[in-house]
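Chains as they are written, first to last, in UniProt numbering: chain A, 1 to 233; chain B, 1 to 233. Cβ coordinates follow ideal geometry from the N, Cα and C atoms, glycine included.
Number of protein chains: 2
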Amino acid sequence: MTERSSSKAQAITSEVRRRIADREWRQGDRIPDEAELAVEFGVARATVNKALQLLAEEGLLDRKRRAGTHVTLNPAHKATLTIPIVREQIEQAGMEYSHRVIAQKLSPLPADASTRMALPEAALLIHLRTVHYGDGKPFQVEDRWINPQAAPGAEAIDFQRINANEWLVRNFPWLRADMAFSAENANARDARLLETRQGTALLILQRTTFNDLGAITSARLAFHPGYQMFATS
Amino acid sequence: MTERSSSKAQAITSEVRRRIADREWRQGDRIPDEAELAVEFGVARATVNKALQLLAEEGLLDRKRRAGTHVTLNPAHKATLTIPIVREQIEQAGMEYSHRVIAQKLSPLPADASTRMALPEAALLIHLRTVHYGDGKPFQVEDRWINPQAAPGAEAIDFQRINANEWLVRNFPWLRADMAFSAENANARDARLLETRQGTALLILQRTTFNDLGAITSARLAFHPGYQMFATS
Chain A
1 MTERSSSKAQ
11 AITSEVRRRI
21 ADREWRQGDR
31 IPDEAELAVE
41 FGVARATVNK
51 ALQLLAEEGL
61 LDRKRRAGTH
71 VTLNPAHKAT
81 LTIPIVREQI
91 EQAGMEYSHR
101 VIAQKLSPLP
111 ADASTRMALP
121 EAALLIHLRT
131 VHYGDGKPFQ
141 VEDRWINPQA
151 APGAEAIDFQ
161 RINANEWLVR
171 NFPWLRADMA
181 FSAENANARD
191 ARLLETRQGT
201 ALLILQRTTF
211 NDLGAITSAR
221 LAFHPGYQMF
231 ATS
Chain B
1 MTERSSSKAQ
11 AITSEVRRRI
21 ADREWRQGDR
31 IPDEAELAVE
41 FGVARATVNK
51 ALQLLAEEGL
61 LDRKRRAGTH
71 VTLNPAHKAT
81 LTIPIVREQI
91 EQAGMEYSHR
101 VIAQKLSPLP
111 ADASTRMALP
121 EAALLIHLRT
131 VHYGDGKPFQ
141 VEDRWINPQA
151 APGAEAIDFQ
161 RINANEWLVR
171 NFPWLRADMA
181 FSAENANARD
191 ARLLETRQGT
201 ALLILQRTTF
211 NDLGAITSAR
221 LAFHPGYQMF
231 ATS
């Protein structure tokens with residue numbers, strides 16, 4: 001697509017959004033077909049197609065080859081979540097970043113991490129525990145397993161020099177990430193490292209990334225009490 | 001785009017992903033330009049453009065008009081999160097859905113909800129408290145404010161008959177949703193309604209949706225202990 005057809009497509013998406021918001025086109029309604037819209041907007045059919053496809057990907061329209069395009073009955077249920085790099089996140093909040101590696105050693109993979117990473121239980125992986133600080137205050141406690149098969153060279157890295165999150169992101173692009181959000185009462189270790197009381201509710205993010213060699217890393221991130229993670233759609 | 005050029009674009013995205021995963025193209029590398037790739041893959045330039053655009057949206061490529069297309073230094077930091085309709089979520093888990101409205105009345109909007117909804121404090125909105133059950137067990141406690149200005153007719157609805165989540169989604173498509181995840185220790189009311197102990201860590205989702213008339217609704221959703229929300233990228 002050229003720049004020009006792309007901005008035309010944008011004008012069409014805006015107008016379609018407006019018609020849906022203004023309920024000129026109501027949920028479940030079949031909208032005019034591509035050819036009609038191309039005439040109405042004075043653009044190529046491919047441009048209309050591009051605009052409608054974008055709205056379909058957002059979940060606002062429902063496109064079926066034979067049945068035509070309808071305004072979705074259950075609109076957009078998808079949201080985009082930015083996966084932060086912890087150093088950037090802390091610096092963007094105007095704080096100075098630092099981190100401390102509590103432990104870094106080869107250890108046998110426990111059952112739960114083995115399931116998440118699709119690797120054999122008791123396989124020897126790098127086990128890393130790190131605390132990330134903003135202005136010296138604990139921000140996040142990270143418990144991470146790294147698979148040297150998918151991240152060759154990891155055995156030789158001193159993660160006190162460069163934090164594992166950044167080293168991995170810089171060197172091993174991932175193709176897929178699985179994430180799960182949950183809440184846990186701080187256990188004794190969480191409480192000590194986050195300088196809070198045992199039992200305090202913590203937001204937990206389990207994140208496992210994969211490349212074509214398998215699981216790269218799986219981390220349990222426990223955020224400081226009161227932390228909020230934002231998403232928009 | 002036709003069906004055929006779309007599947008060609010898909011073949012190109014797969015090949016580009018493979019080259020990045022195999023480190024034939026490394027992070028920061030400039031990749032061949034559209035015209036060269038069009039020749040290599042034997043497709044139209046627009047098809048290459050479409051494929052690269054998709055990978056750029058995913059964050060794997062970084063496209064700049066003059067500098068060309070590079071493999072992103074910090075790859076994909078975005079994940080897609082499906083926003084579940086609570087009834088569907090419970091039914092998809094194989095449980096029978098039911099809900100109970102604890103309170104439904106016009107009340108003055110408190111300060112925190114006023115900020116989230118960008119509405120004046122003390123404006124009269126519909127305040128609703130609901131518990132959603134799966135097989136009779138508490139699944140989610142919902143504390144919701146509904147703005148009748150953006151959702152006309154809401155005043156007349158009995159939300160015990162149809163739950164507010166579904167009624168709103170069916171009747172008022174939203175254009176934007178703001179979400180925040182956090183963890184809270186169950187307060188006395190959460191604990192009673194979720195049939196758990198006070199202090200138990202709960203995953204909290206604050207969600208506010210907007211249409212062109214303003215904020216439609218803002219809800220605090222407290223999930224049962226142990227609940228996990230999944231996202232993939």
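With respect to chain A, the C-beta atom of B:S107 has no partner C-beta closer than 8 Å.
In this structure, B:T47 is the residue among B:I20, B:R63, B:T47, B:E36 with its C-alpha nearest to the C-alpha of B:S7. In this structure, the beta-carbon distance from A:L60 to A:G214 does not fall below 8 Å. In the DSSP annotation of this structure, the continuous segment of the beta strand (DSSP E) that includes B:I216 starts and ends at 214 to 223. When secondary structure is reduced to three states using DSSP, B:T47 falls in the helix class. Here the alpha carbons of A:W174 and B:F230 stand approximately 18 Å from one another.
CA-CA distance, B:M95 to B:G134, rounds to 5 Å. Here A:A201 has A183 as same chain residues with Cβ atoms under 6 Å from its own Cβ, once five neighbours each way along the sequence are excluded.
Rounded to the nearest angstrom, the gap between the Cα atoms of B:R170 and A:Q27 is 7 Å. Rounded to the nearest angstrom, the gap between the Cα atoms of A:E166 and B:L106 is 50 Å.
Of the other Cβ atoms in all chains shown, fewer than 16 fall within 10 Å of the Cβ of A:T115; this residue is therefore exposed. Judged by DSSP secondary structure, A:W25 falls outside any alpha helix (DSSP H); it is assigned neither H nor E. Per DSSP, A:L61 lies in no alpha helix (DSSP H) segment; the continuous beta strand (DSSP E) that holds it begins and ends at 61 to 64. Residue-level contact by beta carbon holds for A:M229 and chain B, with a gap shorter than 8 Å. Taking 8 Å as the upper bound on Cβ-Cβ separation, chain B lies near residues R17, R18, I20, A21, D22, Q27 of the stretch 16 to 37 of chain A. Each of B:S218, B:L55, B:R220 was checked against the Cα of B:S14, and the nearest Cα belongs to B:L55. Annotation: the continuous alpha helix (DSSP H) that includes B:N165 extends over 164 to 171. Residue-level contact by beta carbon fails for B:A122 and chain A, as no gap is shorter than 8 Å.
Setting aside the 5 residues that flank it on each side, B:A111 is surrounded in the same chain by E121, each with a C-beta closer than 8 Å to its C-beta; the list follows chain order. The beta carbons of A:Q104 and A:L128 sit about 5 Å from each other, so the pair counts as a contact at 8 Å. Around the beta carbon of A:D143, 16 or more other beta carbons lie within 10 angstroms, which makes this residue buried. Counting along the chain, no beta strand (DSSP E) covers A:E36; the unbroken alpha helix (DSSP H) around it starts and ends at 34 to 41.
Going by C-alpha positions, A:A67 is about 18 Å away from A:K50. Within the model, the alpha-carbon separation for B:D22 versus B:V16 is close to 10 Å.
Annotated as proximal: B:V141 and B:L194, with beta-carbon spacing under 8 Å.
For the stretch 187 to 199 of chain B, the set of residues with a beta-carbon nearer than 8 Å to any beta-carbon of chain A comprises G199, in chain order. B:A38 and B:Q53 have their C-alpha atoms spaced approximately 14 Å apart.
Counting along the chain, the unbroken beta strand (DSSP E) around A:L128 starts and ends at 124 to 134.
Within the same chain, T196, T200 come within 6 Å of A:P225 by CB-CB distance, once the 5 residues on both sides are set aside.
Interface criterion not met: the Cβ of A:N165 is under 8 Å from no Cβ in chain B. The beta carbon of B:H132 sits closer than 6 Å to those of V86, H99, F139, Q140, all from its chain and outside the five residues before and after it, given in chain order. Per DSSP, the continuous beta strand (DSSP E) segment holding B:L205 begins and ends at 201 to 211.
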